[in-house]
Amino acid sequence: MRIKKVLAMAASTVLCGAMFVGCGASGSSSSNNEANKPDATSKADTANNDNSSSGSLIKVGIINNDPNESGYRTANVNDLKATFTKENGFDASFAYSLKNEEQINYAQKFIQDEVDYLLLSAADTAGWDSVLKDAKDAGVRVILFDRTIDADESLYDASIVSDMDKEGEQAVEWLKSQDLKAYDIIHLQGVMGTAAQKGRSGALDKTAKELGWNIVTQQTAEWNAEKAQQIVQSAIDANKKFNVIYAENDDMAKGAVAALDRANISHGVDKDVVVIGFDCNKWALEELKKGNWNYDGQCNPFQSTYIKDIIDKLEKGETLPEKKIIMDEKGFDAKTITDADVEQYGI
Amino acid sequence: MKVQTQTAQKSSFLASIVRRQIFIPIAALLILAIFNFIVDPSFFKVTLGHNSEGDPILSGNIISIIDYGSELAILAIGMTLVTAASRGQDISVGAAIAISGSVVLRVLCGTNSRPDTLQAPIIVAFLISCLVAMAFGAFNGTLVSVFKIQPMVATLILFTAGRSIAAWINNNELPVVSDRTFTYFGGYIPGIPIPTPFFIAIACFILTWLALKFTNLGLYVQSVGINEKTSRLNGLNPALIKFVTYVILGLCVAIAGFIKVSRLSTINYSVVAKDIEMDAILAVALGGNSLSGGKFNISASILGAYVIQFLTTTLYKFQVQSDALPAYKAVVVIALVILSAPIVREKLAALFKKLSSPAKAESKS
Chain D
2 MRIKKVLAMA ASTVLCGAMF VGCGASGSSS SNNEANKPDA TSKADTANND
52 NSSSGSLIKV GIINNDPNES GYRTANVNDL KATFTKENGF DASFAYSLKN
102 EEQINYAQKF IQDEVDYLLL SAADTAGWDS VLKDAKDAGV RVILFDRTID
152 ADESLYDASI VSDMDKEGEQ AVEWLKSQDL KAYDIIHLQG VMGTAAQKGR
202 SGALDKTAKE LGWNIVTQQT AEWNAEKAQQ IVQSAIDANK KFNVIYAEND
252 DMAKGAVAAL DRANISHGVD KDVVVIGFDC NKWALEELKK GNWNYDGQCN
302 PFQSTYIKDI IDKLEKGETL PEKKIIMDEK GFDAKTITDA DVEQYGI
Chain Z
388 MKVQTQTAQK SSFLASIVRR QIFIPIAALL ILAIFNFIVD PSFFKVTLGH
438 NSEGDPILSG NIISIIDYGS ELAILAIGMT LVTAASRGQD ISVGAAIAIS
488 GSVVLRVLCG TNSRPDTLQA PIIVAFLISC LVAMAFGAFN GTLVSVFKIQ
538 PMVATLILFT AGRSIAAWIN NNELPVVSDR TFTYFGGYIP GIPIPTPFFI
588 AIACFILTWL ALKFTNLGLY VQSVGINEKT SRLNGLNPAL IKFVTYVILG
638 LCVAIAGFIK VSRLSTINYS VVAKDIEMDA ILAVALGGNS LSGGKFNISA
688 SILGAYVIQF LTTTLYKFQV QSDALPAYKA VVVIALVILS APIVREKLAA
738 LFKKLSSPAK AESKS
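Which chain is which? The protein sequence lines are D and Z, in order. Oh and the first sequence: position 116 is 117 in the working numbering, straight run, nothing missing. Oh and the second sequence: position 17 is 404 in the working numbering, straight run, nothing missing.
This is how it looks when you write it as structure tokens:
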């Protein structure tokens, strides 16, 4: 028993030590390896070694959500990492968390480290006021990307957002232009209440009401392919007639198509059922290219060029015409998509 | 309880049924079935059709239930054993499914995330994923049995980290298997119109049944769950038995994960088998098993799993509004759990007894 106690003590000490190394502002020299390990979940890449040589580099602290959250996030993180490099004149530190409190801690740490820019994709919209005030007092410029927050506009310099409403509208506009004889739609929704769900559902709901489109089934599959498959299967089992599948992400579209295949219902270009997905995963665009799907709407993860633009402008002392910058979103039609599109925009 | 039913008089037959553990999931199934039958009898229609490959398949709500409920049923087997022995639940099964599914795809695809041919035989991929999942089960089991950490806290580690590990195994890519034979396990084998996952679940059930019948596993698990100290005094090793149940759950996870990735030939780390741990625990509870360990009944848990899927399919069929779906599910679950509470069942049993034969009440004591 005593040995066990000692072991437990030792283990907990080591764990506590690891925590301090992960979160502490500056790890001791012996623990630098630990601190610089690219750990995706909770540790910050502190990159302490560069403090001395960062005189000419622009110091940026980037707070993002966990890259494993989705393909979108992975593409987003890779894009940022590719842009904010030493070659491009940046000294970037990255911190990832899906939890708001942890993100706020990272923000405070970056402010203490005297970064020039704080780039932030907040996990939650609330709770950022005080830390952003600190940033302002310390002369740190704040740029929000991907997601907005509920804070006064004076607390940040710019905000780059995806326009989910526009994504939905573009897709619905495309669907309208197809001029189908009838519109009997199965609508697969994302997790209820998320920005992407609201934007993409809102556009369809509105147009369906205006033009009298028939929504056969409207159900949340929570971004999950398998749930989508079950919902479409259930509609098929109930002998419902439908000719459009409007899935709010690619995974759900894939699940729906699996159910169609099972029931021998043809889908894709000039077939019985029109399939619409979102997010432009590479495999989804390939399906589009093959003509198995009809349309895929983009949710643009490539924000780094926009951010870099802003930083360049601010560094030159220019003022920004608009605080809120809305990114271009593309939509791809199976009839017009090219291999180059798949390569360039697939995530 | 067995002795009771054997000696019970005909008159108290109903009462004894109510007392039996398997009564709850069966009653729940019947209630759901009757409800569906009254509202829309076409719910039970099964039709023979062809899929886009031209193979015959059966389709209908009942087929959907036995198809999609299978993974949960397989998990329920392991979860019941873990619950019985360690008096706690493993909440990391969803994350562990992501890991084992990721391993399957990693082995099948090699380093290329979209190969044209399989890089390894499917059976090899499956066996490796079994080993990995059992290793993670062993990790949980060690924390619980050797370090005596509460099961829910011990498995919280993997619950938090599991999906990141799964993503890391495949370098955060989303591999897609294009080989058709791989889809057989989560879909249909050509020529057989019943979904394969159902056969896999039945095979798992038979194996478990044999293991419980011909080994002392069931007895040992039960006695460790009821009283650890006495079972040690009787020569059992409680730590080892708890450990073994976690490894068995690991195996169940690997099988469920294999079916999951086979269904769509790919994986999405963040949503695959999401919240399945809660459904698995619910299946154990619906099976009338005590969540604080001890006696258990695996068949009841498996039926419980199919009850959950029955409920899900029913809700989809009736097109409950998206935002209200969890509320409906909650109401049904509350009703089922109350029905399964021992105190309610005692009352029900007493009620039936009174109704059938108040005179012979003393014959059954």
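Note that beta-carbon positions come from the ideal geometry of N, C-alpha and C, so glycine has one too.
Cβ shell of residue i (< 7 Å), same chain only, five flanking positions each side left out
i	result
Gln537 of chain Z	Gly475
Tyr607 of chain Z	Leu623 and Ile628
Asp271 of chain D	none
Gly128 of chain D	Asn101 and Ile105
Asn527 of chain Z	Asp477, Ser479, Ala541, Thr542, Leu545 and Tyr633
Val648 of chain Z	Gly488, Val491, Leu492 and Ile654
Spatial neighbours of residue i in its chain, beta-carbon cut-off 8 Å, leaving aside the 5 residues before and after
i	result
Asp251 of chain D	Gly278, Phe279, Asp280, Cys281, Asn282, Trp284, Ala285 and Asp297
Leu599 of chain Z	Gly605 and Ile685
Lys324 of chain D	Glu154, Tyr157, Asp158, Ala159 and Ser160
Tyr754 of chain Z	In this structure chain Z extends from 388 to 752, so residue 754 of chain Z is not present and cannot be described.
Val192 of chain D	Gln198, Thr221, Glu223 and Trp224
Phe111 of chain D	Gly62, Ile64, Ser94, Ala96, Leu119 and Val141
C-alpha distance - residue i paired with residue j, whole-angstrom precision
i	j	result
Val469 of chain Z	Ile628 of chain Z	10 Å
Leu669 of chain Z	Ala692 of chain Z	8 Å
Gly637 of chain Z	Ala525 of chain Z	8 Å
Ile514 of chain Z	Arg74 of chain D	Reading off the sequence, residue 514 of chain Z comes out as Leu, not Ile. Computed Cα separation, rounded: 32 Å.
Ile64 of chain D	Asp151 of chain D	17 Å
Gln706 of chain Z	Ala588 of chain Z	28 Å
Ile236 of chain D	Glu249 of chain D	Reading the sequence as shown, one finds Ala at residue 236 of chain D and not Ile. So the two alpha carbons sit approximately 18 Å from each other.
Lys314 of chain D	Tyr307 of chain D	11 Å
Ile510 of chain Z	Asp342 of chain D	37 Å
Val634 of chain Z	Ala643 of chain Z	14 Å
Ile453 of chain Z	Leu698 of chain Z	12 Å
Glu458 of chain Z	Gly347 of chain D	32 Å
Thr86 of chain D	Leu289 of chain D	34 Å
Leu121 of chain D	Ser57 of chain D	23 Å
Gly292 of chain D	Asp340 of chain D	13 Å
Ile356 of chain Z	Ala722 of chain Z	No answer is possible for residue 356 of chain Z: it lies beyond the span of chain Z, which begins at 388 and ends at 752.
Thr504 of chain Z	Ser516 of chain Z	19 Å
Phe586 of chain Z	Tyr455 of chain Z	12 Å
Secondary structure of residue i, DSSP reduced to three states
i	result
Thr529 of chain Z	helix
Asp92 of chain D	strand
Val426 of chain Z	helix
Tyr296 of chain D	strand
Pro508 of chain Z	coil
Phe705 of chain Z	coil
Phe279 of chain D	strand
Ala124 of chain D	coil
Ser446 of chain Z	strand
Ala335 of chain D	coil
Ser160 of chain D	strand
Gln231 of chain D	helix
Phe146 of chain D	strand
Option nearest residue i by Cα separation, candidates the options
i	options	result
Ser202 of chain D	D:Thr221, D:Gly213, D:Arg148 and D:Leu212	D:Thr221
Glu115 of chain D	D:Ser131, D:Ser94 and D:Ala83	D:Ser94
Ile450 of chain Z	Z:Tyr575, Z:Ile409, Z:Ala512 and Z:Met466	Z:Tyr575
Asn448 of chain Z	Z:Thr434, Z:Ile409, Z:Thr617 and Z:Ile725	Z:Thr434
Gly674 of chain Z	Z:Ile725, Z:Ala711, Z:Leu712 and Z:Lys704	Z:Ile725
Leu81 of chain D	D:Lys290, D:Phe303 and D:Asn240	D:Phe303
Ala196 of chain D	D:Asp180, D:Ala254, D:Leu212 and D:Asp147	D:Asp147
Ser184 of chain D	D:Ala209, D:Ala124 and D:Phe91	Note that residue 184 of chain D is Tyr in the sequence shown, not Ser. Per the Cα distances, D:Ala209.
Lys228 of chain D	Z:Val658, Z:Asp442, Z:Gly436 and Z:Pro582	Z:Val658
Ala711 of chain Z	D:Thr337, D:Gly194 and D:Glu344	D:Gly194
Ser305 of chain D	D:Ser178, D:Ala76, D:Gly72 and D:Pro322	D:Ala76
Val719 of chain Z	Z:Ile409, Z:Gln408 and Z:Phe422	Z:Phe422
Ile613 of chain Z	Z:Ala687, Z:Phe683, Z:Leu518 and Z:Leu561	Z:Phe683
Nonlocal neighbours in the same chain, by C-beta distance under 6 Å from residue i, ignoring five residues either side
i	result
Leu530 of chain Z	Ile536 and Ala541
Leu735 of chain Z	Val405
Arg493 of chain Z	Ile556 and Asn557
Asp67 of chain D	Tyr97 and Leu99
Gln230 of chain D	Gly256, Ala259 and Ala260
Asp666 of chain Z	Leu459 and Ile695
Within-8 Å CB hit, residue i to chain B
i	result
Leu669 of chain Z	Structure shown: chain B not included; protein chains present are D and Z.
Discussion item. Three Cβ pairs or more, each shorter than 8 Å: is that satisfied between the segment 322–340 of chain D and the segment 165–175 of chain D?
Written reply: Remark: three or more beta-carbon pairs, one from each stretch, lie closer than 8 Å, so the segment 322–340 of chain D and the segment 165–175 of chain D are flagged as touching.
Fill in: Contact the segment 94–113 of chain D vs the segment 123–132 of chain D: 3+ CB pairs below 8 Å
Two segments are said to touch when three or more pairs of C-beta atoms, one from each, lie closer than 8 Å; by this definition the segment 94–113 of chain D touches the segment 123–132 of chain D.
Worksheet item: Is there contact between the segment 687–701 of chain Z and the segment 413–421 of chain Z, where contact requires at least three CB pairs shorter than 8 Å?
Response: Yes: the two stretches touch, three or more of their Cβ pairs being nearer than 8 Å.
Discussion item. With a threshold of 8 Å, are at least 3 pairs of Cβ atoms found where one atom belongs to the segment 478–489 of chain Z and the other to the segment 545–559 of chain Z?
Written reply: Because the criterion of three Cβ pairs below 8 Å is met, the segment 478–489 of chain Z and the segment 545–559 of chain Z touch.
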